[in-house]
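K.L.:
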Amino acid sequence: MPVNSVAIIGGGVAGFTVARQLRSRGFDGEITMVEPGGLPYDRPPLSKGYLLGTQTLEQIQFEPREWFDENRVKLIEAEAVAVEDSAEALGLSAEAAEDSAGAVAHSAASPGNSQITVRLNNGETLTADRVVLGTGGSARKLPVPGGELEEVLQLRTRTDADLLRESITPGTRVVIVGAGLIGAEIASTLLELGADVTLVEPANPPLLSAVGAVLAEHLHAMHAGKGIDVIHDAPARIELDGPERVVTLIDGTQVRADQVLVGIGITPNTALAERLGLEVNDGVLVDECQRTSNPAIFAVGDAARIRTPEGNLLPRAEHWENAMNSGSRAAAAILGQEPSPAESVHAAAWFWSDRHGVHVEGVGSLVAGHESETQFVHRFNEDGSPQATFLLNPDGTMAGCAAVDGGVTVRAARRIIDQGLVVPPDALADPSVPLRKLARPARKS
């Protein structure tokens, strides 16, 4: 049956990309987006320019309201509280419903001509031929006494960023729990705002799996070099003492602060999917086209987790580009089209981050296998500081790369990874050799 209407729940980069891609791919039917926060906006600036005050809300919005009007995307500022459907309503047998979770079986499971119902907290009810769950994730709470206190801040939404910025004046004492990508970004920004920052992080250094040991140590050392107090421990509890927050660490040390912020990752928002009976396992399970176990319902972004045709569950990738690409794959699948190779789940994953005036990028995987099977190669600047780290597979192909202020290097590494090229380790280690030259396949004689 033709698809005449699509409802998108969630206006993050994944949900917004679904709407944009549906229109750019020629879809002329109804598109409705349900987003309680209003016009969709980009989240990465929340810990950077928006928190610092150098970017306005209008500047971080994906598109102005006129875009939604011109592209006939109806934006409803409400929260979806229920999605209703069943395998029987779709005309599927129990076996077909089970098969539809298995990646390649979806094409055989027709959603029929039933519509999905979406109920909103404002009393409205929507119906659509296809529904896309772009419900994202919620900031993970610290699992210790006091971790649930509303005075313990997080940074996930524009409202969170506004609240944090309003609480900061020069000299404000802030304890940040977690020195991963988000924690490091917030620490750097708050330092610029004049705060007195303490980072609490058990790993020394953090981000080993993201950038490798050499870069991780270099990046983590920047905090102390900028005047941030770094404590390698973990909170045992958080308490309020008048206007102060008291963080007691496992070793018994107490750190007093005016504000405490926790940045230790997210928990996928799967409540809607669970109530609907969709398969969930640390995310809504989807195939490589983002279809859930109900072939009329898709899931994208941080809340989705891919199951391969072989039945393997991939880790959720909580990065901006992955969310965007998942939206593109869902839009293509809804229309019976194919995503571009760059949007495939098999393309090398990419991320970026900023801290203390440097830009960090990574692509692929820097998680080493057995030491005898994989090889790390490092490229250094003239001053001895690390420039880039590469991980090579046993066959000499590249598994991953991370670099500091090396966007050109990472883009070239991505081409090397996606093409399966073998690059000599000594050339990778030589800073005089532009990586883009190594990314060109050898010509056949």
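Our numbering puts the first residue of the sequence shown at -5, with every later residue one more than the last. Note that CB positions come from ideal geometry on N, CA and C, so glycine has one too.
Report the option in Pro58, Gly363, Ala178 and Phe10 whose CA atom is closest to the CA atom of Ala215.
P.N.:
Minimum Cα distance to Ala215 is reached at Ala178.
K.L.:
Check whether the Cβ of Gly9 sits closer than 6 Å to any heavy atom of the ligand GDP, and report yes or no.
P.N.:
With respect to small molecules bound, the structure shown includes none, and the ligand GDP cannot be examined in it.
K.L.:
Indicate whether Ala393 and Gly358 have their beta-carbon atoms separated by less than 7 Å.
P.N.:
Contact flag set, yes.
K.L.:
Please state whether DSSP places Pro30 in a helix, a strand or coil.
P.N.:
Pro30 falls in the coil class under three-state DSSP.
K.L.:
Between which two residues does the beta strand (DSSP E) carrying Val138 extend?
P.N.:
Neither: Val138 is in no beta strand (DSSP E) and is coded neither H nor E.
K.L.:
Just tell me which of Leu33, Pro58 and Glu312 has its CA closest to the CA of Gly130.
P.N.:
Answer by Cα proximity: Glu312.
K.L.:
Look at the alpha carbon of Arg66 and the alpha carbon of Asp235, and state the distance between them as a whole number of angstroms.
P.N.:
Distance between the alpha carbons of Arg66 and Asp235 is about 52 Å.
K.L.:
The alpha helix (DSSP H) with Val12 in it runs from where to where?
P.N.:
Its alpha helix (DSSP H) spans residues Val7 to Ser18.
K.L.:
Taking the beta carbon of Gly140 as the centre, do at least 16 other beta carbons fall within 10 Å, making it buried, or is it exposed?
P.N.:
The residue is buried, with at least 16 neighbouring Cβ atoms inside 10 Å.
K.L.:
Per DSSP, what kind of secondary structure is Leu307 in: helix, strand or coil?
P.N.:
The answer is strand: DSSP assigns Leu307 an E or B state.
K.L.:
In or out: Asn441 buried (at least 16 other Cβ within 10 Å) or exposed?
P.N.:
Since the first residue of the chain shown is -5 and the last is 439, residue 441 is not available in this structure.
K.L.:
Is Val256 near Gln381, with beta carbons less than 7 Å apart?
P.N.:
No, these two residues do not count as a Cβ contact at 7 Å.
K.L.:
Three or more C-beta pairs closer than 8 Å, one from the region 39 to 53 and one from the region 350 to 357: is that the case here?
P.N.:
No, they do not touch.
K.L.:
So, for Ala13: in the same chain, excluding its five sequence neighbours on each side, which residues have a beta-carbon less than 7 Å away from its beta-carbon?
P.N.:
Here the set comprises Ile2, Ile25, Met27 and Val67.
K.L.:
With distances taken from CA atoms, which of Pro137, Pro262 and Ser(-1) is nearest Ile232?
P.N.:
The candidate whose alpha carbon is nearest that of Ile232 is Pro137.
K.L.:
Could you give the DSSP three-state label for Thr368: helix, strand or coil?
P.N.:
Residue state, collapsed to three classes: coil.
K.L.:
Please specify which runs of the alpha helix (DSSP H), each continuous and at least 4 residues long, are wholly inside the region 44 to 77, giving them in chain order.
P.N.:
The qualifying runs are 51 to 54 and 59 to 64.
K.L.:
Counting along the chain, where does the alpha helix (DSSP H) carrying Arg405 start and finish?
P.N.:
Where Arg405 is concerned, the enclosing alpha helix (DSSP H) stretches over Gly401 to Gln413.
K.L.:
Which partner residues of Gly165 appear in the DSSP bridge assignment?
P.N.:
Partner(s): none; Gly165 has no beta bridge.
K.L.:
When DSSP labels each residue in this structure, what does Ala324 get in the three-state scheme?
P.N.:
If DSSP states are grouped into helix, strand and coil, Ala324 belongs with the helices.
K.L.:
Would you mind sorting Ala91 into buried or exposed? The rule is 16 or more other CB atoms within 10 Å of its CB.
P.N.:
Only weak support is given to the placement of Ala91: the predicted model assigns it a pLDDT of 39, under 50, and the question is left unresolved by the model.
K.L.:
Measuring CB atoms only, is the region 266 to 282 touching the region 186 to 195, in the sense that at least three cross pairs come out at less than 8 Å?
P.N.:
These segments do not touch.
K.L.:
Can you give the beta carbon distance from Ala189 to Val168, rounded, assuming they're within the 8 Å contact cut?
P.N.:
With a Cβ gap of about 5 Å, Ala189 and Val168 count as contacting.
K.L.:
Would you kindly report the start and end of the unbroken alpha helix (DSSP H) that includes Gly206?
P.N.:
That run of the alpha helix (DSSP H) goes Leu202 to Gly219.
K.L.:
Just curious, the beta strand (DSSP E) that Leu255 is in, first and last residue?
P.N.:
Gln253 to Val256 is the extent of the beta strand (DSSP E) around Leu255.
K.L.:
In the structure shown, what three-state DSSP assignment does Asp440 receive?
P.N.:
The requested residue 440 is not part of the displayed model; the chain covers only -5 to 439.
K.L.:
What does a CB cutoff of less than 6 Å around Ala433 pick up in its chain, not counting 5 residues either side in sequence?
P.N.:
The residues are Ala406, Arg409 and Ile410.
K.L.:
Where Glu73 and Ile244 are concerned, what is the direct C-alpha to C-alpha distance, given to the nearest angstrom?
P.N.:
Roughly 39 Å between the two C-alpha positions.
K.L.:
By the 10 Å Cβ neighbour count, where 16 or more other Cβ atoms means buried, how is Leu308 classified, buried or exposed?
P.N.:
Looking at its Cβ environment, which holds fewer than 16 other Cβ atoms inside 10 Å, Leu308 is exposed.
K.L.:
If you follow the beta strand (DSSP E) that Ile291 is part of, which residue opens it and which one closes it?
P.N.:
Start and end: Ile291 to Ala293.
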